[in-house]
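Working notes, beginning with the structure itself.
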Amino acid sequence: MIQLHDKTYTCPVDVTLGLVGGKWKILILSHLHQFNRKGFSEIRNNLPGVSEKMLMQQLKELQRDNLIDKDVLSQKPYRVEYFLTEQGKTLAPLFDFLSTWGIDYLKKHDIDYIKDQALYK
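Everything in the sequence shown is counted per this note's numbering, starting at 4 for the first residue and increasing by one.
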């Protein structure tokens with residue numbers, strides 16, 4: 004058994020899923036991988052259905068796990084930008100694989116995301 008952040012994991016795959024798993028974390032990380040730096044509201048607007056509370060919790064956990072960090076740009080109004088850390092950037096092959104796999108899956112179901120991606124923004 005592996006102990007990390009007061010949690011017990013069964014194997015390295017379990018650790019990875021614990022760090023990036025769930026509905027929002029992988030999407031947050033993928034979004035930051037694609038766009039480099041984004042503010043809180045920009046991330047929230049790209050994740051329909053996420054509550055502010057849930058997004059803030061997920062961002063804090065990703066920061067705690069050293070996958071993202073933030074720059075405070077201004078105090079009033081409070082403005083921050085989130086970005087991938089060097090550790091977070093090492094997940095790039097995972098995002099690329101998941102995206103390619105999803106695009107191929109959609110094609111097999113007669114959805115051409117590449118051609119029509121403007122419709123899905």
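Backbone N, C-alpha and C fix where the C-beta goes; we use that ideal spot for every residue, glycine too.
This one's a predicted model, so the numbers in the text were calculated from it and none came from an experiment.
Host beta strand (DSSP E) of residue i (start-end)
{"i": "Leu76", "result": "Ile71 to Ser77"}
Chain B contact for residue i (CB, 8 Å cutoff)
{"i": "Ala95", "result": "The chain labelled as chain B is not found in the depicted structure, where only one protein chain is given."}
Classification of residue i by the beta-carbon crowding that lies within 10 angstroms, buried from 16 upward
{"i": "Gly91", "result": "buried"}
{"i": "Gln61", "result": "buried"}
{"i": "Tyr108", "result": "exposed"}
{"i": "Ser44", "result": "exposed"}
{"i": "Val23", "result": "buried"}
Short Cβ contact (8 Å threshold) for residue i with residue j
{"i": "Asp87", "j": "Leu70", "result": "Reading off the sequence, residue 87 comes out as Leu, not Asp. Closer than 8 Å, so yes."}
{"i": "Asp74", "j": "Glu89", "result": "no"}
{"i": "His36", "j": "Phe100", "result": "no"}
{"i": "Leu7", "j": "Val18", "result": "yes"}
{"i": "His34", "j": "Asn49", "result": "yes"}
C-alpha distance - residue i paired with residue j, whole-angstrom precision
{"i": "Lys28", "j": "Glu64", "result": "9 Å"}
{"i": "Pro51", "j": "Met4", "result": "36 Å"}
Supposed close pair residue i, residue j - CB separation, criterion 8 Å
{"i": "Gly25", "j": "Tyr12", "result": "Not confirmed; about 15 Å, so no contact."}
{"i": "Ile46", "j": "Leu58", "result": "7 Å"}
{"i": "Gly42", "j": "Arg67", "result": "Contact doesn't hold; Cβ gap of about 20 Å is too wide."}
Start and end residues, alpha helix (DSSP H) containing residue i
{"i": "Thr103", "result": "Ala95 to Lys111"}
{"i": "Val83", "result": "Element bounds for Val83: not the alpha helix (DSSP H) but the beta strand (DSSP E), Arg82 to Leu87."}
{"i": "His29", "result": "It should be pointed out that residue 29 corresponds to Ile in this sequence rather than to His. Per DSSP, Ile29 belongs to the alpha helix (DSSP H) from Lys28 to Phe38."}
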